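Chains E and U, in that order, are what the protein sequence lines are. Quick note on the numbering used here: the first sequence kicks off at 1 and runs consecutively. Quick note on the numbering used here: the second sequence kicks off at 846 and runs consecutively. A virtual CB, placed ideally from N, CA and C, is assigned to each residue, including glycine. Just so we're clear, the structure is a prediction, and the values are computed from it rather than from any experiment. See below for the structure under consideration.
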Amino acid sequence: MAAAAALLLCALLIFSGGPARASEETSEASPAEHEVSGAGNETEGGSAHGEAVITTLPIVSWKWEEVEVPYLVALWILVCWLCKLLIEANHHVTEYIPESALLICCGFILGGMIWGADKVQTFTLTPRVFFFYLLPQIILDAGYSMPNKLFFTNLGGILVYAIIGTCWNAASLGLSLWGCHKGGAMGDIEIGLLQYLLFGSLLAAVDPVAVLAVFEQVHVNEVLFIMVFGESLLNDGVTVVLFNVFDAFVTLGGAKINAAEIVKGIISFFVVAFGGSLLGFVFGLLISLLTRCTKKIQIIEPGFIFVLGYLAYLTAEMLSLSAILSITFCGICCQKYMNSNMDESSVQTVKYAIKVFANGSETMIFVFLGISAIDKTIWVWNTGFILLTLLFIMVYRIMGVFFLTWILNRTRLVPIEFIDQIIMSYGGLRGAVAYGLAVMLDETKIKEKNLMISTTLIVVYFTVIFQGVTLKPLVQWLKVKRASHSELTLIEKLQNRAFEHTLVAIEDISGQIGHNYMRDKWNKFEEKYMSWFLMKPSARKKQDRLFNAFHQLNLKDAMNYVDEGERRGSLEFIRNEGAFIDFKKKFDDEMSEAMPDIMADMSDDHGRAPPKRRDTVPSVSLELHEQSMRGNRAAEDFNSHHLLQQHLYKGRKQHRHRYSRSHFDINKDENEVQEIFQRTMKSRLESFKSGKMGVAPPKTITKHTKKEQQSKMLNGKNRSYLSGDEDFEFSEGDSASGYDASFPTRVAYRAGDGIENPAFMPDVDPSSTMHIPPWLADVELDSVAPSQRAQVRLPWTPGDLRRLSSLRTSVRSSDSFQLTDDRQGDRDELPPPPPPPPRRDGDSV
Amino acid sequence: MGSRASTLLREEEIEEIKKETGFSHSQITRLYSRFTSLDKGENGTLREDQVNFRGFMRTLAHFRPVEDNEKNKNPPTTEPLNSRTNKLLFAFRLYDLDRDDKISRDELLQVLRMMVGVNISDEQLGSIADRTIQEADQNGDNCISFQEFMKVLEKVDVEQKMSIRFLH
């Protein structure tokens, strides 16, 4: 497979390298490429360029020129992504070498192939393509998925590193290189002080793409990550300013620079940085406002962020403000409101689409970085220059980081550790942004442009490849604190909130205005004004974080249910898929709510329950919770919400004892449980009948009821539709089921537990008409295993299932309606109930 | 300490407080002036609960940032008030109103009610409370003991989340 892909790549490139001539989009910067060499030319040779005279009707014609540009673009995207596929196929390689490094190497190979075919580098990474088509989506993704709280908490530190650190890097690098030049270490090159400073400024900035690519595989602790990453994003403000300022200075020439110009330079920094951020902020607000009104066009709702984000970027570029800052803050600002306003499915769409674009672009950037290197024309080697640059970059980075951290630690609550500082300095990677800026240099003004490009490329390769490869072992060797995988727990959320409140109070008591006070004030302001303005009223009501955490956990558990149920019983579910569709149409609303779970089950894979499946199942749980949430928030369907909340996680003591993790009570009264099961099936059949269902095939009906049983375990809300005497038992059943995620359907049998309703007691002894399957009773007895898991598993072995199914195809009657009728008659004859057994009483207290 | 004379802070007291809480001299004096400004009744205590200055300082001491280097210089005989355990104990006591060393469901409900918005109904609150207890409760007594509390919060960065910088 890898070999096939490689062959495909070669063929594609040689082929495209041939016909690809002037005016392809990706080769603006490369010099004359009108070579007529390499394979594939012949096809072009005499082909009509559109204007040739035709003498006869062509059946098909070769229209390469018309599709050339888009074709090449698409082809290159495909090639880059295939490279990524190739790389990811060897997972044990990516353990040691970060993907970005491997992509660059792929780029080398590809570049070599094209060079071999064309003798010129027809495809290079041009600044225009890079800055306009490849970079924005990466930054948008970064801003959109930025952990806001962490970011703003550490904003002070990030700004210090970004602004002061970058300025220091630029100045020190430029000046030292100039000093070395004067000292003669570099031989004879024509670079003046200003040009050195320009060069320094373009190499100073830590690159967000490279940082993301390398750090994502290392998983350092979040403070460290946000520091480096935040710095890499925010230093664009500085980089843009420095680059433009020095570029202008170089153009003006050294003589014209006086204090006024320098002051203007400093002012321009503030304008560019704050202007860019403000612009991004405005666009973020725009998006939030927009999503507030897009309820009717949910289908294209996800698209707005992309369009508006890109416009933010371009607008900032147009006004010569910092485009990266603009799109970053756009993403940061609109996160919260967008996610609240938009429909759940839209949010998911945005999340995945943005990752696709960002990751795809990143891949392409690295591949092209590699390709661009294979170009003889740009390489100028000057040992002193290059080596000194490398050395100074590392040294000054370390110095800068340590010095700034020392200053910061005096004001930080939790100081940044020494080891973290090492990683921070080592993680100052340069990347494609530096290369893009270098290529943008004007070669008329800067004679040694090629030297600078070569040096930049070497620096980029060194940082991405060498530092990228060694970062992971370094992190492990130094025992850097890693990111902790925290699961969402209610108690943590609760405690965090308690801490927040407490801290605000303590700050107030001790009479100082601190961090927490400010944050509290901002939160209040935000809640009162901004949310009111930017969020839909319905969304605003849903704001409570604690409840959302609860909601998430509920969702997770519900999905666990379905998964477990599928895994256990999916063999049964596969059959008769078609019949269910009929069911859905035929039955009225009540039943259709029970259906969604089953439909999802049916349509899913057999037997496996891979985690990915969660994504296909969401319609199940989301519907489940949409129901509950709608009921909750809009108070329309209070019943469903009430019931779900109450019975999914209600902690009635009797169930607590039954379903606690530490001990395990066995239901000794299996028969009763069976009875419940039967009765509920009965009632369902009744209601089906009463709904004028007509003649549905009995087999499917029974199957449905069994599923329904299961689904009813899952959807407490369905209870509202059951007949009255069903309610109570199902409430117990549901709450029982609700409590423990690992209880898919076993619960059905457990439904007997804690059930007060004495009406069921007399059925303990199966009457002749009670069709309690003995195998079910057996299963109950066997399930004395202490772990609930085991209990869960038991009924769902295939053997059990088969036996269960035979319940439906019983000897008695194939027409389950008739069955129902029979049982109905029996039920009416029940003697008055005996008192419930004492154990139940004790538990129910 | 109900007399006006106690409004002046004596040196020995400052030293004692310093040793007990770890605040610096200037911090103590600063907080003392704050205490007196809060102490409207000028009787040396805050509110009816009779929190005197020592108690005030002791409570505030819980919120000092954790410092590791302190331990190296002179390991304190008793655990400093701002250690992680003590911070958590303080937090625990916020919930445990009846001081029985257990957070029962009702105590949790009270705190929850204060912390969530008004949109949440009582049943939902009850469910949240139950689930919260379920997450932490290991011995099945339906209450959260301090050990369970500590265990379930072991991943939380208490040192940072429960500290403020005291101005000098």
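TODO: With a threshold of 16 other CB atoms inside 10 Å of the CB of A498/E, please say whether the residue is buried or exposed.
DONE: Indexing the first sequence from 1 puts residue 498/E at position 498. So A498/E counts as buried.
Task: Three-way DSSP call (helix, strand, coil) for S322/E in this model - done: Translated into the one-based positions of the first sequence, residue 322/E becomes position 322. In the structure shown, S322/E sits in coil (DSSP, three-state: anything other than H, G, I, E or B).
- [ ] Show which residues of chain U have a CB atom less than 7 Å away from the CB atom of G511/E.
- [x] Working through the first sequence from its first residue, we reach residue 511/E at position 511. In chain order: R879.
Task: Outcome for S813/E when other beta-carbon atoms lying within 10 angstroms are tallied against a minimum of 16 - done: Translated into the one-based positions of the first sequence, residue 813/E becomes position 813. For S813/E, the pLDDT reaches just 49, beneath the cut-off of 50, and the residue's location in the model is therefore unreliable, leaving the point undetermined.
Task: Spatially closest choice to F329/E from F108/E, A142/E, F418/E, by CA coordinates - done: Here residue 329/E corresponds to residue number 329 of the first sequence, with the count starting at 1. Residue A142/E is the option with its Cα nearest to F329/E.
- [ ] Using a Cβ cut-off of 8 Å (strictly closer), state whether F525/E contacts chain U.
- [x] The sequence position of residue 525/E within the first sequence is 525, counting from 1. Chain U contact via Cβ: absent.
Open item on the list: Going by the DSSP bridge assignment, what does R903/U pair with across the sheet?
Closed with: Counted from its first residue, the second sequence places residue 903/U at position 58. DSSP lists no partner for R903/U.
Open item on the list: So, with DSSP's three-state summary, where would you put L807/E?
Closed with: As a first step, residue 807/E is located in the first sequence; it is residue number 807 there, counting from the start. Reliability fails at L807/E, whose pLDDT of 45 lies under 50, so the model's placement of it is uncertain and the value that follows must be treated cautiously. In the three-state scheme derived from DSSP, where H, G and I count as helix and E and B as strand, L807/E is classed as helix.
Open item on the list: Just to confirm before moving on: does the CB-CB distance between F281/E and I226/E stay below 8 Å?
Closed with: To locate residue 281/E, count along the first sequence from 1; it is residue 281. To locate residue 226/E, count along the first sequence from 1; it is residue 226. Note that the C-beta distance between F281/E and I226/E is not below 8 Å.
Task: Which of helix, strand or coil DSSP assigns to R430/E - done: Along the first sequence, read from residue 1 onward, the residue named residue 430/E stands at position 430. It is coil, neither helix nor strand.
Task: E942/U to A906/U span [Cα, whole Å] - done: In the second sequence, the residue the question calls residue 942/U occupies position 97. In the second sequence, the residue the question calls residue 906/U occupies position 61. What sits at residue 942/U in the sequence shown is Leu, not Glu. L942/U and A906/U have their C-alpha atoms roughly 21 Å apart.
- [ ] With distances taken Cα to Cα, identify the nearest neighbour of D893/E among F908/U, V956/U, T874/U.
- [x] Summary: the structure shown does not reach residue 893/E, with chain E confined to residues 1 through 845, and so no result is reported for it.
TODO: Report buried or exposed for G971/U, applying the criterion of at least 16 other Cβ atoms within 10 angstroms of its Cβ.
DONE: For this step, residue 971/U is matched to residue 126 along the second sequence. Counting Cβ neighbours within 10 Å, G971/U comes out buried, since at least 16 surround it.
Task: Near-chain E residues of the segment 945-963 of chain U - C-beta to any C-beta below 8 Å - done: Residues R950, V956, L957, M960, V961, G962.
Task: Cα-Cα separation, V350/E to N341/E - done: The residue labelled residue 350/E in the question sits at position 350 within the first sequence. The residue labelled residue 341/E in the question sits at position 341 within the first sequence. For the pair V350/E and N341/E, the Cα-to-Cα distance works out to about 13 Å.
Open item on the list: Just to make sure I have the definition right: I need the residues of chain E whose C-beta is within less than 7 Å of the C-beta of T977/U. Which are they?
Closed with: Along the second sequence, one-based indexing puts residue 977/U at 132. Chain E residues near T977/U: L490, I491, L494.
TODO: Please confirm whether F215/E and F229/E have their CB atoms less than 8 Å apart.
DONE: Translated into positions along the first sequence, residue 215/E becomes position 215. Translated into positions along the first sequence, residue 229/E becomes position 229. Contact flag set, yes.
- [ ] Reducing DSSP to helix, strand and coil, say where N897/U ends up.
- [x] Translated into the one-based positions of the second sequence, residue 897/U becomes position 52. Of the three classes helix, strand and coil, the one that applies to N897/U here is strand, per DSSP.
Open item on the list: Let me check understanding here. Comparing Cα to Cα, which of M681/E, T315/E, A210/E lies closest to G275/E?
Closed with: The residue labelled residue 275/E in the question sits at position 275 within the first sequence. Looking at the Cα atoms, T315/E is the closest of the given residues.
Open item on the list: I need the straight-line Cα distance from E856/U to N154/E, nearest angstrom please.
Closed with: Numbered from 1 along the second sequence, position 11 holds the residue referred to as residue 856/U. Numbered from 1 along the first sequence, position 154 holds the residue referred to as residue 154/E. In this model, E856/U and N154/E are separated by some 39 Å (Cα to Cα).
Open item on the list: Please list, in chain order, the residues of the segment 543-559 of chain E that have any C-beta partner in chain U closer than 8 Å.
Closed with: Q543, D544, L546, F547, F550, L553
Open item on the list: What would DSSP say about I948/U, mapped onto helix, strand or coil?
Closed with: Taking the second sequence and counting its residues from 1, one reaches residue 948/U at position 103. Here I948/U sits in strand by DSSP.
Task: the segment 245-260 of chain E contacting the segment 287-306 of chain E, beta-carbon criterion three pairs below 8 Å - done: At 8 Å Cβ cutoff, the stretches do not touch.
Open item on the list: Which residues of the segment 391-419 of chain E have a Cβ closer than 7 Å to any Cβ of chain U? Give them in chain order.
Closed with: Using a CB distance below 7 Å, the part of the segment 391-419 of chain E facing chain U consists of L413, V414, ordered along the chain.
Task: Exposed unless 16 or more other CB atoms sit within 10 angstroms - verdict on W522/E - done: Against the first sequence, residue 522/E aligns to sequence position 522. For W522/E, the number of other beta carbons within 10 angstroms of its own is below 16, and it is reported as exposed.
- [ ] Could you name the residues of the same chain whose beta carbon sits closer than 6 Å to that of M902/U, not counting the 5 residues immediately before and after it, in chain order?
- [x] Counting from one through the second sequence, the residue named residue 902/U turns up at place 57. Around M902/U: I862, T866.
TODO: Alpha carbon to alpha carbon, how far is L490/E from S783/E? Give it in angstroms, no decimals.
DONE: Locating residue 783/E in the first sequence gives position 783, counting from the first residue. Locating residue 490/E in the first sequence gives position 490, counting from the first residue. Low local confidence applies: a pLDDT of 43 at S783/E is under 50, so the model's placement there is unreliable, with the coordinate-based value given in what follows. Roughly 32 Å between the two C-alpha positions.
Task: C-alpha gap between D343/E and T56/E, whole angstroms - done: Mapped onto the first sequence, residue 343/E falls at position 343. Mapped onto the first sequence, residue 56/E falls at position 56. Those two C-alpha atoms are separated by around 58 Å.
Task: Proximity winner among V160/E, E500/E, K536/E, relative to F402/E (alpha-carbon distances) - done: Within the first sequence, numbered from 1, the residue matching residue 402/E stands at position 402. The option with the nearest alpha carbon to F402/E is V160/E.
Task: Cβ of F1011/U within 8 Å of any chain E Cβ - done: As a first step, residue 1011/U must be located in the second sequence, where it is residue number 166. So yes, F1011/U belongs to the interface.
Task: N- and C-terminal bounds of the alpha helix (DSSP H) containing Q992/U - done: Position 147 of the second sequence, counted from the start, is the residue given in the question as residue 992/U. Q992/U -> alpha helix (DSSP H) spans 991-997.
- [ ] Please list, in chain order, all residues of the same chain as L933/U whose beta carbon is under 7 Å from its beta carbon, the five residues on each side excluded.
- [x] The count along the second sequence starts at 1 and reaches residue 933/U at position 88. These residues qualify, in order along the chain: F994, M995, L998, V1003.
Task: Extent of the continuous alpha helix (DSSP H) to which M394/E belongs - done: As a position in the first sequence, residue 394/E is number 394, starting the count at 1. M394/E -> alpha helix (DSSP H) spans 383-409.
TODO: Can you grab the Cα-Cα spacing for the pair N964/U / Q955/U, in whole Å?
DONE: Residue numbering aside, residue 964/U sits at position 119 when the second sequence is read from its first letter. Residue numbering aside, residue 955/U sits at position 110 when the second sequence is read from its first letter. Those two C-alpha atoms are separated by around 16 Å.
Task: Beta-carbon proximity list for T239/E, same chain, < 6 Å, skipping 5 on both sides - done: On the first sequence, residue 239/E is found 239 positions in, with the first residue counted as 1. Closer than 6 Å at the Cβ level, and outside the excluded window around T239/E, lie A205.
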